[in-house]
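Under our numbering, think of the first position of the sequence shown as 42, with each following residue one higher.
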Amino acid sequence: VRASREKEDGGLDSVGGSSCGNISFNKYSGVCEWKNDAIFLWVNIANPGADVVNDFLDGGKKMTWFGGARMHDETPAIRRLIKIGRDAAVTGRLSPRDGIVLWCRMYDGEKRGFR
Numbered sequence: 042v043r044a045s046r047e048k049e050d051g052g053l054d055s056v057g058g059s060s061c062g063n064i065s066f067n068k069y070s071g072v073c074e075w076k077n078d079a080i081f082l083w084v085n086i087a088n089p090g091a092d093v094v095n096d097f098l099d100g101g102k103k104m105t106w107f108g109g110a111r112m113h114d115e116t117p118a119i120r121r122l123i124k125i126g127r128d129a130a131v132t133g134r135l136s137p138r139d140g141i142v143l144w145c146r147m148y149d150g151e152k153r154g155f156r
């Protein structure tokens, strides 16, 4: 099941679910490509002990993201993200068909962990 809704700022809210079994991925890579061509990015925000700082810039229009030590501009997932970004720059927006899911988790200083 997948549902999505375009937001006023051109972004996309998306919710997905499935009755498939457990999902397995490398939690250090920061990216997971799915069989349905979706690209799932996860980002830790405001972690004071992080070696790399992920943050939102330009009023949330841009974001820094470290996708792991094995990601570079020739990695298939990164090449796809670059292509999607270039296409979106031409049209001025992302499409729900682009299949990018962004998941962020904020560091909670009181818990000394992520929310």
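Beta carbons: idealized from backbone N, C-alpha and C, even for Gly. What you are looking at is a predicted structure, and each value in this text was computed from that prediction instead of being measured.
Who are residue i's beta bridge partners in DSSP?
i, result
"Lys103", "Leu98"
"Ile86", "Met147"
"Glu74", "Ile80"
"Val142", "Phe81"
Return the Cβ separation of residue i and residue j in integer angstroms, given the expectation that the two are a contact with Cβ distance under 8 Å.
i, j, result
"Ile123", "Asp114", "7 Å"
"Arg146", "Asn85", "6 Å"
Applying the 10 Å Cβ sphere with the 16-neighbour rule, what's the burial state of residue i?
i, result
"Val131", "exposed"
"Val94", "exposed"
"Gly101", "exposed"
"Gly140", "buried"
"Gly71", "buried"
"Gly108", "buried"
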